[in-house]
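A.B. asks: In my numbering, the protein residues as written are 2 to 852. My questions all concern the structure below.
Following this line, the structure appears as structure tokens:
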């Protein structure tokens with residue numbers, strides 16, 4: 002048997018003797034393989050679910066006719082006359098303002114109302130059959146008060162000639178935002194001002210050849226009689242496609258967004274894999290240190306360093322292959338077992354396929370990355386001197402510091418990170434910077450962060466003790482147990498650094514996401530406060546005041562919690578500004594529930610009052626004024642001099658300037674309120690609908706009502722969903738880090754068996770020994786969190802500033818503290834079982850352990 006085979010056999014025998022240690026060595030790789038292959042299956046599940054459940058073009062449509070400029074109504078009529086066509090319908094949609102209130106309106110869609118190609122279902126009245134008839138959705142009835150039989154006027158193609166329509170029915174629709182109506186193709190096109198439809202859908206009779214009808218449709222669309230009219234030549238661009246092809250294209254458009262999402266997921270999965278490699282490197286270093294006497298014996302009997310190095314790398318690759326297969330099988334079981342459970346609970350979720358090639362690639366990739374992870378520890382282990390075999394202990398003490406080369410490299414990396422960050426900071430945009438592109442600064446920040454993290458990996462052992470001196474101070478005040486726990490972590494700085502930098506990677510990403518979301522959330526709240534300062538906005542139809550006594554009646558409505566009336570005048574000018582028509586209002590921002598969400602671009606909103614004005618930032622820039630300057634405000638033949646208190650990027654109720662009621666009186670604005678803002682007492686849609694009904698009963702047709710809370714909730718929901726997805730992806734790194742802490746603690750229990758036995762021999766009870774080791778594991782989390790926050794906070798500030806969105810940098814102290822506490826708890830739990838195992842070891846057996 003060759004020497005290489007003997008070495009490999011010896012290592013395999015050692016691995017077989019300690020299967021638990023082999024499992025712990027590959028645990029992080031198992032998690033990483035599970036995450037990677039689980040992502041592949043999740044993508045298949047998402048894509049198949051989208052393809053199966055997308056409901057754009059109805060499934061009954063066999064052919065779809067489209068055109069570059071649309072499809073004419075004549076083409077629709079021609080399609081209906083073709084032999085073999087069972088049904089043909091047209092689709093179009095336009096938004097139309099109410100003629101009496103341009104601040105509200107309806108999105109009007111064309112639909113047949115019944116039959117296989119219909120997308121809506123009549124629940125009350127009937128579906129429109131002729132021009133001038135409209136069906137509205139249930140929520141539109143509740144929100145806009147449009148009952149069956151009611152007539153309204155819509156602004157059609159000619160704004161000076163509104164179109165009267167009558168509501169003849171109520172329908173259920175797939176999407177119901179509360180301002181939606183449906184009618185016939187001809188009337189919908191007429192409202193839009195042309196004879197063009199977005200597309201025509203054709204359902205064929207059974208047994209008809211689709212190709213023959215498609216060719217006939219193409220000829221009919223291109224016929225001179227069909228293309229004549231207002232849309233001359235439109236038929237030349239008509240395309241007839243199979244319905245299945247169109248549905249596939251629509252689904253591909255949605256799945257393209259799925260691909261974009263999973264491209265982001267892939268980036269975070271790659272970060273999790275990097276974390277797994279770091280954990281595996283640390284784990285192998287501990288394992289090889291525990292086997293140092295065995296490796297020295299192999300060197301003593303003639304094993305060459307190169308052969309021992311190859312054997313250790315092969316052992317690592319084998320461990321990675323087994324761990325990769327285990328992770329793939331676990332992900333496969335979860336991926337195929339979860340969809341049936343979800344379908345049983347009513348969710349339409351497709352099952353993934355059987356991506357054998359991806360499974361093989363993940364398993365082989367696990368073997369490769371593990372071989373790379375084991376390379377550095379194997380090089381160190383292969384250098385063991387044969388005399389180490391004469392040592393009584395089976396392990397050797399780990400090195401405490403770093404070599405000169407590593408220290409120099411770490412310092413150079415740190416200097417590079419600082420220089421790149423300073424370069425970005427020197428070129429941050431101001432509030433008025435034009436044509437600013439944040440792409441390059443953000444890429445530079447990523448590069449600087451990568452350099453900083455590499456420096457942390459290199460210099461980690463040198464940073465452990467200074468950081469531990471700070472974060473471990475409270476523990477040392479708890480007595481001997483705390484001092485021993487801090488000493489146990491600080492006594493092996495290389496091991497502590499190897500684990501803590503992985504935790505730091507996860508904390509850096511999570512904390513950065515929290516700071517970024519808090520900062521952008523504050524900016525979004527400012528914008529939403531301007532767009533939707535209250536739940537409901539009530540305005541007078543036209544430019545007149547609200548009906549007399551309306552404010553008092555509204556304040557008596559039980560469904561409303563807060564009512565804030567205001568005056569607004571559109572005929573006010575600011576000296577030096579070119580823009581006209583931006584109204585002035587005396588709306589009291591302090592009286593609104595959203596007062597805390599408003600923010601000034603410059604100056605302070607609290608300085609507003611008599612003789613002071615808050616200007617829209619764009620208006621202030623045109624007038625060339627800043628907070629503290631005076632500006633002349635004119636209405637007709639009256640002018641007042643006001644001092645600018647603050648500027649805002651987004652002002653409420655469409656105002657250009659906010660002034661005190663007394664100053665509005667000096668400008669001669671009539672005393673009656675022109676609008677009011679109100680908050681609904683409840684948070685759900687039912688409460689808002691009840692409030693709108695009460696407002697309509699109080700104001701009748703003399704006021705317009707807009708529920709602004711719907712848009713605010715939609716944007717808030719999107720932000721929360723995005724943050725949830727982002728934190729879930731970043732959590733992958735934290736999971737790998739916690740696994741690394743548990744693995745390191747479990748392996749260090751073996752490495753420190755004699756130490757544990759000595760502590761038990763001098764009288765330490767089992768529970769205190771277990772508690773000490775558990776606290777040590779928790780310290781890894783606290784130490785990593787501290788290192789991660791040192792990176793996250795400055796880079797988060799720099800990233801938010803580099804976005805150029807004028808967002809205030811917010812540090813959510815409570816959430817960041819929660820991350821630190823959660824990591825400390827998670828890492829402590831990860832070390833709980835190994836600590837209990839160490840506490841059960843007999844003092845006599847521990848003191849006599851030699852291998």
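All residues carry an ideal CB built from backbone N, CA and C; glycine is no exception. As the structure is a prediction and not an experimental result, all values here were calculated from the model.
1. What does a CB cutoff of less than 8 angstroms around residue 190 pick up in its chain, not counting 5 residues either side in sequence?
2. Buried or exposed: which applies to residue 409, given that a residue is buried once 16 or more other Cβ atoms fall within 10 Å of its Cβ?
3. Cβ atoms of residue 329 and residue 375: under 8 angstroms apart, would you say?
4. Quick check on the burial criterion: 16 or more other C-beta atoms within 10 angstroms. Buried or exposed for residue 342?
5. By the DSSP assignment, the alpha helix (DSSP H) with residue 200 in it spans what residues?
6. If we call anything under 8 angstroms between Cβ atoms a contact, is residue 629 one with residue 585?
7. By the DSSP assignment, the beta strand (DSSP E) with residue 176 in it spans what residues?
8. In chain order, what residues of the same chain have a beta carbon less than 8 angstroms from the beta carbon of residue 581, not counting five sequence neighbours either side?
9. Along the alpha helix (DSSP H) that carries residue 803, what are the first and last residues, could you check?
10. How far does the alpha helix (DSSP H) with residue 80 in it reach, from first residue to last?
11. Contact between the stretch 210 to 217 and the stretch 112 to 129 is defined here as three or more beta-carbon pairs at a separation below 8 angstroms; is this criterion met?
12. Restricting to runs no shorter than 4 residues, where is the alpha helix (DSSP H) found entirely within the stretch 469 to 544?
13. Can you tell me whether DSSP reads residue 126 as helix, strand or coil?
14. Name, in chain order, the residues that DSSP records as bridge partners for residue 170.
15. If we ignore side chains and look at the alpha-carbon of each, how far apart do residue 572 and residue 176 end up?
16. With DSSP as the reference, label residue 579 as helix, strand or coil.
17. Please classify residue 128: is it buried, with 16 or more other beta-carbons within 10 angstroms of its beta-carbon, or exposed?
18. Please list, in chain order, all residues of the same chain as residue 697 whose beta carbon is under 6 angstroms from its beta carbon, the five residues on each side excluded.
19. Assuming residue 790 and residue 468 form a contact by the criterion Cβ under 8 angstroms, report the distance between their Cβ atoms to the nearest whole angstrom.
20. Look at the alpha carbon of residue 635 and the alpha carbon of residue 655, and state the distance between them as a whole number of angstroms.
21. Tell me which residues share the same chain as residue 350 and place their Cβ nearer than 7 angstroms to its Cβ, disregarding the 5 neighbours each side in the sequence.
22. DSSP three-state label for residue 558, please.
23. In angstroms, rounded to a whole number, what distance separates the CA positions of residue 167 and residue 700?
24. DSSP puts residue 247 in a beta bridge; with which residues?
25. Any idea what DSSP makes of residue 183, helix, strand or coil?
26. Beta-carbon separation of residue 704 and residue 593 under 8 angstroms?
27. With distances taken Cα to Cα, identify the nearest neighbour of residue 590 among 577, 564, 576 and 570.
28. Have a look at residue 837 and residue 777 and give me their C-alpha separation to the nearest angstrom.
29. One question on the structure: do residue 659 and residue 648 come within less than 8 angstroms of each other, judged by their Cβ atoms?
30. Shortest alpha-carbon distance to residue 796 belongs to which of 639, 70 and 514?
31. Could you please give the first and the last residue of the uninterrupted alpha helix (DSSP H) stretch that includes residue 667?
32. May I ask which residues mark the beginning and end of the alpha helix (DSSP H) holding residue 382?
33. Spatial neighbours of residue 1 within its chain, please: CB distance less than 8 angstroms, with the 5 preceding and 5 following residues excluded, ordered by chain position.
34. Who pairs with residue 343 in a beta bridge, going by DSSP?
35. Output needed for residue 450: all residues of its chain with C-beta closer than 6 angstroms, excluding positions within five of it in sequence on either side, in chain order.
36. Bridge partners of residue 615, per DSSP?
C.D. replies: Taking the geometry as given:
1. Cβ within range, chain order: 74, 91, 93, 111, 196, 197 and 198.
2. Looking at its Cβ environment, which holds fewer than 16 other Cβ atoms inside 10 Å, residue 409 is exposed.
3. No, Cβ-Cβ distance for residue 375 and residue 329 is not below 8 angstroms.
4. With fewer than 16 Cβ atoms within 10 Å of its Cβ, residue 342 is classed as exposed.
5. No alpha helix (DSSP H) contains residue 200, which is instead part of the beta strand (DSSP E) from 200 to 205.
6. No. Outside cutoff.
7. Per DSSP, residue 176 belongs to no beta strand (DSSP E) and is neither H nor E.
8. Here the set comprises 574.
9. 767 to 803 is the extent of the alpha helix (DSSP H) around residue 803.
10. Counted as a single uninterrupted DSSP element, the alpha helix (DSSP H) harbouring residue 80 occupies residues 74 to 82.
11. At 8 angstroms Cβ cutoff, the stretches do not touch.
12. Listed in chain order, they are 474 to 477, 481 to 491 and 494 to 532.
13. Under the three-state reduction of DSSP, residue 126 is assigned to strand.
14. According to DSSP, which records beta bridges pairwise, residue 170 is partnered with 126 and 136.
15. Taken atom to atom, the span from the alpha-carbon of residue 572 to that of residue 176 is near 40 angstroms.
16. Here residue 579 sits in coil by DSSP.
17. Burial call: buried.
18. Cβ neighbours of residue 697 beyond the five flanking positions: 146.
19. A Cβ-Cβ distance of about 10 angstroms is found for the pair residue 790 and residue 468, leaving them out of contact under the 8 angstroms criterion.
20. The alpha-carbon atoms of residue 635 and residue 655 are separated by roughly 18 angstroms.
21. Counting only residues of its own chain and dropping the five nearest sequence neighbours on each side, residue 350 has a CB closer than 7 angstroms to the CB of 46, 50, 340, 343 and 344.
22. If DSSP states are grouped into helix, strand and coil, residue 558 belongs with coil.
23. Between residue 167 and residue 700, the C-alpha separation is close to 21 angstroms.
24. In the DSSP assignment, no residue is bridged to residue 247.
25. The three-state reading of DSSP puts residue 183 in strand, counting E and B together.
26. Judged by their CB atoms, residue 704 and residue 593 are not nearer to each other than the 8 angstroms cut-off.
27. Minimum Cα distance to residue 590 is reached at 564.
28. Going by the C-alpha atoms only, they are around 13 angstroms apart.
29. Not closer than 8 angstroms, so no.
30. Looking at 639, 70 and 514, the one whose alpha-carbon comes closest to that of residue 796 is 514.
31. Counting along the chain, the alpha helix (DSSP H) containing residue 667 begins and ends at 662 to 667.
32. Note, residue 382: alpha helix (DSSP H), 357 to 383.
33. Because the chain spans 2 through 852 in this model, residue 1 falls outside it and cannot be assessed.
34. Answer by DSSP bridge pairing: none, since residue 343 is not bridged.
35. These residues qualify, in order along the chain: 796.
36. The partner list for residue 615 (beta bridge, DSSP) reads 647 and 659.
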